[in-house]
C-alpha cells in the first residue's frame, strides 16, 4: 500500500443504513460472498462534480478488492491517482412477486465498498492478475502462457481495502399478505411467491481460428458442467 | 418535467469514449436494448465529494428512464432535489476465453446515462409505476389490485432523460490468436472461444401463506416458460 495522500482523510459516507436496516449485514462472510458471487463491479469516481461509473471485472483476494484495466483508461487512472472510489456489486437472486405491486421487489445481495485504490506494484502484478484469472475462470491460468512483460506493462491493477463497506441482503418470500385486501374480482385465488434467477453458462462457442477437433479445456468444462454459476 | 435548477447547466462529462472507441454505439436502439435487457441499474450521486452508488430496479418508458423507491430513501431524495445523477446499466452476455489472459474479457452491453432526475408528479405516478411493473414482470399489473393512495404517497418515482448517454457493446469471438505464441508444452492444442451466459428463471417458490392448489398466474408462467430472460 502506498502512503495515503492528505486528502484521503476526507470523511467517508456512513456505511450505516437508515432505511430497511434489518437488511444490513455486518459479517465479513456476507461481504465476501457478494464480491465472490458477482461477475461485474460498478466502479464510480467523481469528475467535475458529476459521478462517473464504469463496469469492470473484479476479484476479491483475501481482504482486498482487485480491479484491472488498461493503463490508458481514464477512470482507472483517476482511481490510481487517489480519487475517492466507490465500488458497487450486486447479485439478483430472485424476483419477489408479492400480492401487491407495492411489496413486489427482488431478492438480492449487494455490497458497496468506499475508499481509495492503490496501484499494485510491478512485483505484485502477476499475483494479482492470477487472482483475477482464478476468480473469473478457475483453471485457465494453467492452460495459457504467462503474461508477457509488454502485457504486464499495459495493465493497470488496483487494489482497494474492504474496510469501509456496506452489505445489504434481501432473501425469502414476499412480505406477508395484505390481510385487508379484497378478493380478486374474477374469483381466481391470487398466487404470490418468488421466482429464482440464476446466471447460467450456455454451450461454448469455439473461435473460428481454432483447429477443428480441439477439445474443450478443463476450465471451460468445469464451468459448463456446473451449469450454474453464482455471478 | 420541472424547470431546470440553475445548477443543471453544469458541464456533463463527455459521452465520447476515448478507449476502445470501436465499441461505442451511437444508435438509440442500442441504448434502449441495454436498458430493457438489464434488471438492475446502479444509480450514483455525489455526497461530500464521494460517489455513492445504489442498485435499483429501473424501467425505460419511451425516451425516459424511470427509477423508484421509498420516499424515505436518502439517495433518491438527493436525486429528486436535483443532484447530478449517473445511471449505469450492464448486461454480461458471455465470458470471452482468449488464447491469452491479456485478451480474455467479457462480452457485454453497457449504458451510462448522465443527467438529473425529475420527480414524476402525482398525476403521472400510476402510469410510471405501471411502466415499471410491465417491465419487471409483464402481465402482473392486471393480476393484483391497484396501488392504494397511501402506497402511492410512500413511493418516489423519478424520471430521467436519455439525452446524455453512452453505450458500449463488445460481442463476438476473442481477438485473433497471437501468432507469435509458442505451442503449449504438453502438446494439447489450445482452445479459445466464448461461453455464453444467460439469466435463467428457476422454479417458482410459492409463499407459505398462499392457499394450497393456487395456480401459477399467467405472468409467472410466461416468465418461466421463456426459461431465459434477457436481464
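Protein chains in written order, with our numbering: chain X, 92 to 322; chain C, 92 to 322.
In this text, a Cβ means the ideal position worked out from N, Cα and C, and glycines have one as well.
None of the values given here were measured: they were computed from a predicted structure.
DSSP state of residue i mapped onto helix, strand, coil
{"i": "residue 308 of chain C", "result": "coil"}
{"i": "residue 165 of chain C", "result": "helix"}
{"i": "residue 101 of chain X", "result": "Unreliable positioning characterises residue 101 of chain X in this predicted model, as indicated by a pLDDT of 41, which lies under 50. The coordinate reading is nonetheless provided below. Looking at residue 101 of chain X - three-state DSSP - the assignment turns out to be coil, as it is neither helix nor strand."}
{"i": "residue 303 of chain X", "result": "coil"}
{"i": "residue 128 of chain X", "result": "helix"}
{"i": "residue 313 of chain C", "result": "helix"}
{"i": "residue 171 of chain X", "result": "helix"}
{"i": "residue 159 of chain X", "result": "strand"}
{"i": "residue 298 of chain X", "result": "coil"}
{"i": "residue 123 of chain C", "result": "helix"}
{"i": "residue 264 of chain C", "result": "coil"}
Per-residue burial, residue i [other beta carbons within 10 Å of its own, 16 or more giving buried]
{"i": "residue 100 of chain C", "result": "Confidence at residue 100 of chain C is low in this model, with a pLDDT of 35, below 50, so its placement is unreliable and no value can be given for it."}
{"i": "residue 256 of chain C", "result": "buried"}
{"i": "residue 151 of chain X", "result": "buried"}
{"i": "residue 316 of chain C", "result": "exposed"}
{"i": "residue 162 of chain X", "result": "exposed"}
{"i": "residue 136 of chain X", "result": "buried"}
{"i": "residue 247 of chain X", "result": "buried"}
{"i": "residue 292 of chain X", "result": "buried"}
{"i": "residue 300 of chain C", "result": "exposed"}
{"i": "residue 279 of chain X", "result": "exposed"}
{"i": "residue 267 of chain C", "result": "exposed"}
{"i": "residue 229 of chain C", "result": "exposed"}
{"i": "residue 240 of chain X", "result": "exposed"}
{"i": "residue 308 of chain X", "result": "buried"}
{"i": "residue 195 of chain X", "result": "buried"}
{"i": "residue 294 of chain C", "result": "exposed"}
{"i": "residue 154 of chain C", "result": "exposed"}
{"i": "residue 170 of chain X", "result": "buried"}
{"i": "residue 234 of chain X", "result": "buried"}
{"i": "residue 218 of chain X", "result": "exposed"}
{"i": "residue 220 of chain C", "result": "buried"}
{"i": "residue 237 of chain X", "result": "exposed"}
Residue of the options minimising C-alpha distance to residue i
{"i": "residue 310 of chain C", "options": "X:189, X:172, X:297 and X:147", "result": "X:189"}
{"i": "residue 259 of chain C", "options": "C:203, C:238, C:207 and C:284", "result": "C:203"}
{"i": "residue 176 of chain C", "options": "C:186, C:187 and C:207", "result": "C:207"}
{"i": "residue 168 of chain C", "options": "C:233, C:245, C:115 and C:253", "result": "C:245"}
{"i": "residue 39 of chain X", "options": "X:296, X:148, X:313 and X:200", "result": "Given a span of 92 to 322 for chain X in the structure shown, any question on residue 39 of chain X remains unanswerable."}
{"i": "residue 261 of chain C", "options": "C:165, C:186 and C:283", "result": "C:186"}
{"i": "residue 125 of chain C", "options": "C:145, C:149, C:113 and C:144", "result": "C:149"}
{"i": "residue 182 of chain X", "options": "C:141, C:147 and C:164", "result": "C:147"}
{"i": "residue 132 of chain X", "options": "X:158, X:232, X:210 and X:138", "result": "X:158"}
{"i": "residue 197 of chain X", "options": "X:223, X:264 and X:134", "result": "X:264"}
{"i": "residue 134 of chain X", "options": "X:212, X:180 and X:221", "result": "X:180"}
{"i": "residue 216 of chain C", "options": "C:155, C:243 and C:306", "result": "C:243"}
{"i": "residue 287 of chain C", "options": "X:173, X:314 and X:285", "result": "X:314"}
{"i": "residue 128 of chain X", "options": "X:254, X:227 and X:211", "result": "X:227"}
{"i": "residue 303 of chain X", "options": "C:298, C:284 and C:113", "result": "C:284"}
{"i": "residue 209 of chain X", "options": "X:116, X:122 and X:156", "result": "X:156"}
{"i": "residue 281 of chain X", "options": "C:305, C:114, C:139 and C:298", "result": "C:305"}
{"i": "residue 172 of chain X", "options": "X:251, X:289 and X:116", "result": "X:251"}
{"i": "residue 141 of chain X", "options": "X:166, X:130, X:160 and X:123", "result": "X:166"}
{"i": "residue 192 of chain X", "options": "C:223, C:213, C:192 and C:211", "result": "C:223"}
{"i": "residue 123 of chain X", "options": "X:184, X:254, X:212 and X:113", "result": "X:254"}
{"i": "residue 138 of chain X", "options": "X:174, X:237, X:117 and X:178", "result": "X:174"}
{"i": "residue 143 of chain C", "options": "C:296, C:113 and C:178", "result": "C:178"}
{"i": "residue 296 of chain C", "options": "X:145, X:297, X:184 and X:298", "result": "X:184"}
{"i": "residue 312 of chain X", "options": "X:237, X:231, X:145 and X:290", "result": "X:231"}
Residue i, enclosing beta strand (DSSP E) - first and last residue
{"i": "residue 257 of chain X", "result": "255-261"}
{"i": "residue 288 of chain C", "result": "284-292"}
{"i": "residue 144 of chain X", "result": "141-152"}
Whole beta strand (DSSP E) runs in the region 176-253 of chain X with 3 or more residues, listed along the chain?
176-188, 196-206, 208-210 and 246-252
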